[in-house]
Amino acid sequence: MTVFSIESVIDEFETTTKNAGHHQRETLRQILEQNGKAEYLQSLGLGGRTDPESYKACVPLVTHSDLEPYIQRIADGDSSPILTGKPIPAISLSSGTTQGKRKYLPFTEELVQSTMQIYRTSFAFRNREYPIGDGKALQFIYGSKQFKTKGGLTATTATTNVYMSEQFKCTMKDIQSQCASPDEVIFGPDYQQSLYCHLLCGLIYSDEVQFIFSTFAHSLVHSFRIFEKVWEEICTDIRVGVLSSRITVPSIREAVSKILVPNPSLADSIYNKCVGLSNWYGVIPALWPNAKYVYGIMTGSMEPYLKTLRHYAGNLPLMSADYGSSEGWIGANVNPSLPPELATFVVLPNIGYFEFIPLEKPQMQELEISPSSIHYVEAEPIGLTDVEVGKEYEVVISNFAGLYRYRLGDVVKVTGFHNCAPELQFICRRSLMLSINIDKNTEKDLQLSVEEAAKLLAEEKIQVVDFTSHADTLTDPGHYVIFWELSSDSSDEILQSCCNCLDLSFADAGYVSSRKVSAIGPLELRIVRKGTFNMILDHYVGLGGVLSQFKVPRCISQSNNKVLQILCKNVTSCYFSTAYEK
């Protein structure tokens with residue numbers, strides 16, 4: 214175990230960001246020298262040049278579909294240098310929730326190293342403001358199913374590839390973030406049994422837990438919703454020192470049984486605290502009194518879960534984790550005291566080569582309410598140090614894993630600079646979501662509409678547990694369908710008002726004009742049974758996904774028929790908007 218020095222990590226970060234331009238050029242040089250013999254780069258005529266100007270002139274901007282044939286050849290066992298100079302040791306799989314299809318991505322040792330650098334950097338800044346002592350972390354993390362590709366490479370989620378590495382375990386020790394649960398729980402084959410045991414192990418070590426973590430806010434909320442249902446059973450396990458019969462996986466059962474001993478006083482304490490809570494408000498600080506914060510990705514599609522997460526967290530601060538994707542990391546959260554809605558991320562200039570496509574709003578769209586609705590005018594990509602405060606950009610990444618000038622599809626806003634490295638705020642995914650005619654609405658537009666309509670439920674203390682949408686083009690005219698799962702039943706009158714409010718809250722000019730002339734039909738609100746979104750989670754986990762990496766798909770395409778079937782089979786009531794009736 215190395216001695217972790219917060220000061221030295223912060224000093225290194227400050228030095229690197231002060232020389233961001235130099236580190237960007239040096240990182241690009243290293244990427245191109247290491248991968249210069251790769252077939253892809255050879256075909257583009259770089260001829261060994263490693264300067265940014267030659268790179269941009271020779272290498273085109275790409276999306277995943279452009280690289281898919283090359284990655285498939287690697288997965289199929291072609292051992293020649295295709296995208297990278299060194300052999301690709303494993304394949305990472307995206308969650309598949311965004312587009313309904315899981316993407317293959319190269320996974321390399323350099324990605325592990327950049328992950329650890331991000332972890333150390335953000336921890337140093339967190340720990341400076343919220344110091345933690347020696348102890349453990351209640352981490353709701355999970356390994357996913359693994360399989361061998363045709364060429365014999367292990368394929369699994371990016372997080373699983375990281376969790377399996379020795380570097381991960383060493384870094385977690387260094388930054389005082391060892392998981393309260395044994396590896397057998399993390400890598401167990403049944404996520405429901407693993408989740409139960411995460412909760413149990415976290416309570417066994419309740420006085421030692423320093424913070425609560427999961428990759429996404431959804432996983433944290435899901436975990437405590439489950440806790441509401443199983444807490445008495447967990448109390449019984451702790452009281453008698455015998456693991457519940459619901460845990461049937463031998464490896465999990467054996468590992469957890471080793472740390473589970475009879476502890477009636479702890480069981481009584483947990484029981485009394487739970488029965489004393491008001492609707493589970495503040496359950497986290499009540500049961501984990503030494504926890505300093507709750508941590509996970511809380512931006513973008515995770516924002517709808519913040520209200521519920523704050524309810525569980527009580528007075529504990531919520532901190533948004535760092536900014537990255539299955540393709541690679543971009544920046545670290547070095548301002549942990551900011552609320553998740555305002556979180557910013559400083560780009561680390563030595564973990565990849567970054568470009569930014571300037572996104573300008575046409576003058577006629579200046580009055581648009583939501584940035585995610587905008588038809589942006591793109592300019593030529595610019596370098597990391599050339600971005601301007603207040604401007605919006607799409608992120609382009611190049612890294613050691615064979616991704617060159619890869620468009621992430623994320624819209625970010627530059628809020629400032631940390632030395633010479635930009636601070637980014639995540640705005641939205643550029644990918645179009647809902648469209649029937651000339652209308653264009655994305656995830657952020659949907660989120661804003663749902664938030665506005667959900668206010669009508671507040672007086673009855675009813676919450677929208679989760680939501681998604683579908684552009685139904687099989688009807689004539691086509692129309693938007695919004696699916697809601699509610700915490701309890703509401704009246705037809707209020708739900709009809711919610712439906713009308715949803716319809717009116719889509720402010721995109723194309724949508725409004727199309728609704729007025731009936732080129733788009735009335736919006737439809739469908740209420741689904743409780744547990745429907747858990748069925749969708751089960752579906753994705755069954756395909757090889759992992760709970761902690763799961764994001765509810767906010768728009769279900771017609772081709773994603775299995776998820777559409779789950780939703781449609783569980784509809785209990787429907788409402789059509791009358792908002793545009795004359």
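Here the sequence shown stands for residues 214 to 795, where the numbers follow the numbering used here. From the three backbone atoms N, C-alpha and C, an ideal C-beta is built for every residue, glycine too.
Mark residue i as exposed unless 16 or more other C-beta atoms lie within 10 angstroms of its C-beta, in which case mark it buried.
{"i": "Thr373", "result": "buried"}
{"i": "Thr228", "result": "exposed"}
{"i": "Gln423", "result": "buried"}
{"i": "Asp689", "result": "exposed"}
{"i": "Tyr494", "result": "exposed"}
{"i": "Asp702", "result": "exposed"}
{"i": "Leu687", "result": "exposed"}
{"i": "Leu580", "result": "Low local confidence applies: a pLDDT of 41 at Leu580 is under 50, so the model's placement there is unreliable, and no value is given."}
{"i": "Pro796", "result": "Residue 796 lies beyond the range of the chain shown here (214 to 795); nothing can be said about it."}
{"i": "Thr215", "result": "Only weak support is given to the placement of Thr215: the predicted model assigns it a pLDDT of 49, under 50, and the question is left unresolved by the model."}
{"i": "Gly356", "result": "buried"}
{"i": "Ile651", "result": "exposed"}
{"i": "Glu441", "result": "exposed"}
{"i": "Val488", "result": "exposed"}
{"i": "Phe680", "result": "buried"}
{"i": "Ala671", "result": "exposed"}
{"i": "Asn612", "result": "buried"}
Which two residues bound the contiguous beta strand (DSSP E) that contains residue i?
{"i": "Ser470", "result": "Ser470 -> not in any beta strand (DSSP E); alpha helix (DSSP H) instead, spanning Pro463 to Ser470."}
{"i": "Ala303", "result": "Ala303 to Leu306"}
{"i": "Leu621", "result": "Tyr619 to His631"}
{"i": "Ile640", "result": "Ala634 to Arg642"}
{"i": "Val677", "result": "Val677 to Asp685"}
{"i": "Asp706", "result": "The sequence given here places Glu at residue 706; Asp does not occur at that position. Run containing Glu706: none in the beta strand (DSSP E); it sits in the alpha helix (DSSP H), Asp705 to Ser718."}
{"i": "Ser533", "result": "Leu531 to Ser533"}
{"i": "Glu665", "result": "Careful: Glu665 lies outside any beta strand (DSSP E), inside the alpha helix (DSSP H) at Glu656 to Ala667."}
{"i": "Ala350", "result": "Lys349 to Gln352"}
{"i": "Ser267", "result": "Unbroken run through Ser267 is the alpha helix (DSSP H), Pro265 to Cys271; no beta strand (DSSP E)."}
Once you ignore the five residues that flank residue i on each side, which residues in its own chain have a CB closer than 7 Å to its CB?
{"i": "Tyr484", "result": "Cys448"}
{"i": "Asn548", "result": "Thr557"}
{"i": "Gly527", "result": "Tyr494, Gly495, Ile497 and Pro498"}
{"i": "Ile582", "result": "Any reading at Ile582 must be qualified, since the residue scores a pLDDT of 44, below 50, and its modelled position is unreliable; no value is offered."}
{"i": "Glu378", "result": "Checking the displayed sequence, the identity of residue 378 turns out to be Ser instead of Glu. Closer than 7 Å at Cβ, skipping near neighbours: Val325."}
{"i": "Leu456", "result": "Asp450, Arg466, Val469, Ser470 and Leu473"}
{"i": "Val600", "result": "Phe569, Tyr606, Val627 and Pro635"}
{"i": "Ser267", "result": "Leu259"}
For residue i, collect the residues of the same chain with a Cβ closer than 8 Å to its Cβ; drop the 5 residues on either side in sequence, then sort them by chain order.
{"i": "Glu246", "result": "Thr263"}
{"i": "Arg341", "result": "Ile219 and Ile223"}
{"i": "Leu555", "result": "Gln638"}
{"i": "Tyr518", "result": "Ala430, His431, Leu433, Val434 and Met511"}
{"i": "Gly454", "result": "Leu473, Val474, Pro475 and Asn476"}
{"i": "Arg286", "result": "Ile295"}
{"i": "Met577", "result": "Here Met577 scores only 48 on pLDDT, less than 50, and its place in the model is too uncertain to base an answer on."}
{"i": "Lys775", "result": "His752"}
{"i": "Ala667", "result": "Gln676, Val677 and Cys711"}
Please report the residue range of the alpha helix (DSSP H) in which residue i lies.
{"i": "Ile800", "result": "The question about residue 800 has no answer here: the residues shown for the chain are numbered 214 through 795."}
{"i": "Ile564", "result": "Here Ile564 belongs to no alpha helix (DSSP H), and DSSP marks it neither H nor E."}
{"i": "Arg339", "result": "Glu322 to Glu342"}
{"i": "Thr745", "result": "Thr745 to Gly755"}
{"i": "Val725", "result": "Ala722 to Lys729"}
{"i": "Leu187", "result": "Because the chain is modelled from 214 through 795, residue 187 falls outside the range shown and cannot be assessed."}
{"i": "Ala368", "result": "No alpha helix (DSSP H) contains Ala368, which is instead part of the beta strand (DSSP E) from Thr367 to Thr370."}
Within a Cβ cutoff of 6 Å, which residues of the same chain sit near residue i, ignoring the five residues on either side of it in sequence?
{"i": "Thr598", "result": "Ala233, Gly234 and Cys633"}
{"i": "Thr521", "result": "Val434"}
{"i": "Ser585", "result": "Because Ser585 sits at a pLDDT of 45, beneath the cut-off of 50, its placement in the model cannot be relied upon, and the following sentence gives the value as read from the coordinates. Cys641, Thr655, Lys657 and Asp658."}
{"i": "Tyr343", "result": "Lys505 and Tyr506"}
{"i": "Ala802", "result": "Outside the displayed span of the chain (214 to 795) sits residue 802, for which this structure offers no information."}
{"i": "Glu591", "result": "Ile570"}
{"i": "Pro302", "result": "none"}
{"i": "Gln243", "result": "none"}
{"i": "Asn783", "result": "Val741, Arg742 and Thr745"}
Could you give the C-beta distance for residue i and residue j, rounded to a whole number, given that I count them as a contact under 8 Å?
{"i": "Ser539", "j": "Ser305", "result": "6 Å"}
{"i": "Ile610", "j": "Ile543", "result": "7 Å"}
{"i": "Ile497", "j": "Ile439", "result": "At roughly 14 Å, the Cβ-Cβ gap does not stay under 8 Å, so Ile497 and Ile439 are not in contact."}
{"i": "Val272", "j": "Arg620", "result": "Not a contact, Cβ separation roughly 12 Å."}
{"i": "Ile354", "j": "Ser436", "result": "Not quite, the Cβ-Cβ distance comes to about 11 Å (not below 8 Å), so this is no contact."}
{"i": "Ser390", "j": "Ala350", "result": "5 Å"}
{"i": "Tyr418", "j": "Ala393", "result": "5 Å"}
{"i": "Gly723", "j": "Gly691", "result": "Not quite, the Cβ-Cβ distance comes to about 13 Å (not below 8 Å), so this is no contact."}
Of all the CB atoms in chain E, is at least one closer than 9 Å to the CB of residue i?
{"i": "Ile223", "result": "Of the chains in the structure shown, none is chain E; there is only one protein chain."}
**Study point:** Whole beta strand (DSSP E) elements within the stretch 375-445, 3-residue minimum
**Key:** 422-429
Review point. For the stretch 468-511, which segments carrying the beta strand (DSSP E) assignment without a break, of at least 3 residues, lie completely within its bounds, in sequence order?
Key: 507-510
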